[in-house]
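Peer 1: Numbering (the working numbering), first residue to last: 1157 to 1458. Quick reminder that beta carbons are idealized off the backbone N, C-alpha and C, glycines included.
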């Protein structure tokens, strides 16, 4: 009640003062003074009000939820850190040759290996060359490089097209750095793909099938409805230069667990493994991926 009484007293004082004056100008100035006094009093009243009362059960519930959120995130962070340490230690032991089961890789089932790299990381050609040298030293014969913007195609395809019967080091244009990269002299075939071989390739193949159907020998009522088979699409893709074998294993390098637009019609029975960012690639991680693939058994449906 005290703030209300204070405001009422101020109003009365202003009204009395306005009644004593004789001039209109004096009255207006007194009115402004009274208005300012009222606003100042109102502001002080609202500022001195205490915050809305919160019940004790509500505070306890919010505290419990905050503790649960903190504990959950802390547990997840600890598990991620622990798994990263175990993974790094495992890769180190594999690279140093202390784990014998990884020394002899049986890559008879790995006839075609695909590597998907994020376009930003693909600009680091030194990393890609080192990766290819490691794969060559492990005995991989056929590799497909892919990034959606075609960075790898611009970097490696000219050197690959010069000669496909040279050694891996000559293919990669790193003959002078083979000793530094520990690249063995083994032959390796390389294909380079980009995003233009994906959606654009399937569009070209569909256009070819459509034109073939429209320009067929049958006309009028004898022309049947189109019934394109998987073999027809595979032949059309090969005709437009977008065909190729299906990878047995696909290794993805990048910030996201995504194949980044790799032609999906070539991934029907492909084993896909995420390897993390290219900048943190490890020799032991590649050996472990190839070893795990060699131990997998695939059941092909009819």
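For the segment 1223-1238 against the segment 1412-1426, do three or more pairs of beta-carbon atoms, one drawn from each stretch, fall closer than 8 angstroms, so that the two count as touching?
Peer 2: No: fewer than three Cβ pairs fall under 8 angstroms.
Peer 1: Please give the ranges of any alpha helix (DSSP H) in the segment 1222-1288, keeping only runs that are unbroken, at least 4 residues long and fully inside the region.
Peer 2: Within the segment 1222-1288, the complete alpha helix (DSSP H) runs of at least 4 residues are 1275-1278.
Peer 1: Curious, which full-length alpha helix (DSSP H) runs of at least 4 residues does the segment 1354-1420 contain?
Peer 2: Runs found: 1355-1370 and 1386-1395.
Peer 1: Could you tell me if residue 1213 is buried or exposed, where buried requires 16 or more neighbouring beta carbons within 10 angstroms of its beta carbon?
Peer 2: Here the question's residue 1213 lines up with position 57 in the chain shown. Exposed: under 16 other Cβ atoms inside 10 Å.
Peer 1: Starting from residue 1442, trace the alpha helix (DSSP H) both ways and give me its first and last residue.
Peer 2: Along the chain shown, one-based indexing puts residue 1442 at 286. Residues 1439-1450.
Peer 1: Using the Cα positions of residue 1275 and residue 1435, report the straight-line distance between them to the nearest angstrom.
Peer 2: Taking the first residue of the chain shown as position 1, residue 1275 is located at position 119. Taking the first residue of the chain shown as position 1, residue 1435 is located at position 279. Using only the alpha carbons, I get a separation of about 13 angstroms.
Peer 1: Express the C-alpha separation of residue 1285 and residue 1251 in angstroms, rounding to a whole number.
Peer 2: Numbered from 1 along the chain shown, position 95 holds the residue referred to as residue 1251. Numbered from 1 along the chain shown, position 129 holds the residue referred to as residue 1285. Using only the alpha carbons, I get a separation of about 18 angstroms.
Peer 1: Kindly indicate which three-state DSSP category residue 1296 falls into: helix, strand or coil?
Peer 2: Translated into positions along the chain shown, residue 1296 becomes position 140. In this structure, residue 1296 counts as coil in the three-state DSSP scheme.
Peer 1: Using C-beta distances below 6 angstroms, list every residue in its chain close to residue 1354, excluding the 5 sequence neighbours before and after it, in chain order.
Peer 2: Taking the first residue of the chain shown as position 1, residue 1354 is located at position 198. Taken in chain order, the residues that qualify are 1417 and 1419.
Peer 1: Between 1259, 1279 and 1450, which has its C-alpha nearest residue 1409's C-alpha?
Peer 2: Start at 1 with the first residue of the chain shown, and residue 1409 comes out as number 253. Among 1259, 1279 and 1450, the Cα nearest to that of residue 1409 belongs to 1279.
Peer 1: Between the alpha carbons of residue 1238 and residue 1439, how many angstroms are there, rounded?
Peer 2: Taking the chain shown and counting its residues from 1, one reaches residue 1238 at position 82. Taking the chain shown and counting its residues from 1, one reaches residue 1439 at position 283. The alpha-carbon atoms of residue 1238 and residue 1439 are separated by roughly 20 angstroms.
Peer 1: Looking at the secondary structure, which residues open and close the beta strand (DSSP E) in which residue 1347 lies?
Peer 2: Indexing the chain shown from 1 puts residue 1347 at position 191. It spans 1345-1349 - the beta strand (DSSP E) in which residue 1347 sits, taken as one unbroken run.
Peer 1: Along the chain, where does the beta strand (DSSP E) containing residue 1427 start, and where does it finish?
Peer 2: As a position in the chain shown, residue 1427 is number 271, starting the count at 1. Segment 1427-1430, the beta strand (DSSP E) holding residue 1427.
Peer 1: Near residue 1336, what residues of its chain come up, given a Cβ to Cβ distance below 6 angstroms and the 5 sequence neighbours on each side ignored?
Peer 2: Here residue 1336 refers to the residue found at position 180 when the chain shown is read from its first residue. At residue 1336 the pLDDT is 40, less than 50, meaning the model places this residue with poor confidence; the figure from the coordinates comes in the next sentence. Excluding positions up to five away in sequence, the list is empty.
Peer 1: Roughly how many whole angstroms lie between the Cα atoms of residue 1365 and residue 1292?
Peer 2: In the chain shown, counting from the first residue as 1, residue 1365 sits at position 209. In the chain shown, counting from the first residue as 1, residue 1292 sits at position 136. Distance between the alpha carbons of residue 1365 and residue 1292 is about 38 angstroms.
Peer 1: Going by DSSP, what residues sit across from residue 1301 in a beta bridge?
Peer 2: Here residue 1301 corresponds to residue number 145 of the chain shown, with the count starting at 1. In DSSP, residue 1301 forms a bridge with 1271 and 1348.
Peer 1: Given residue 1449, which residues of its chain have a CB within under 8 angstroms of its CB, disregarding the five upstream and five downstream residues?
Peer 2: Within the chain shown, numbered from 1, the residue matching residue 1449 stands at position 293. Only 1265, 1266, 1404, 1405, 1427 and 1429 meet the Cβ criterion.
Peer 1: Would you call the CB atoms of residue 1350 and residue 1302 closer than 8 angstroms?
Peer 2: Position 194 of the chain shown, counted from the start, is the residue given in the question as residue 1350. Position 146 of the chain shown, counted from the start, is the residue given in the question as residue 1302. Result yes, Cβ atoms of residue 1350 and residue 1302 sit closer than 8 angstroms.
Peer 1: Could you check if residue 1241 is buried or exposed, using at least 16 other CB atoms within 10 Å of its CB as the buried criterion?
Peer 2: Locating residue 1241 in the chain shown gives position 85, counting from the first residue. Residue 1241 should be labelled exposed.
Peer 1: Given that a residue counts as buried once 16 or more other Cβ atoms are within 10 Å of its Cβ, and exposed if not, what is residue 1271?
Peer 2: Locating residue 1271 in the chain shown gives position 115, where the first residue counts as 1. Looking at its Cβ environment, which holds 16 or more other Cβ atoms inside 10 Å, residue 1271 is buried.
Peer 1: Please list, in chain order, all residues of the same chain as residue 1253 whose beta carbon is under 7 angstroms from its beta carbon, the five residues on each side excluded.
Peer 2: One-based indexing of the chain shown puts residue 1253 at position 97. Answer for residue 1253: 1259, listed in chain order.
Peer 1: What is the C-beta distance between residue 1396 and residue 1361, in whole angstroms, given that I count them as a contact (C-beta under 8 angstroms)?
Peer 2: Locating residue 1396 in the chain shown gives position 240, counting from the first residue. Locating residue 1361 in the chain shown gives position 205, counting from the first residue. Right, their Cβ atoms sit about 5 angstroms apart.
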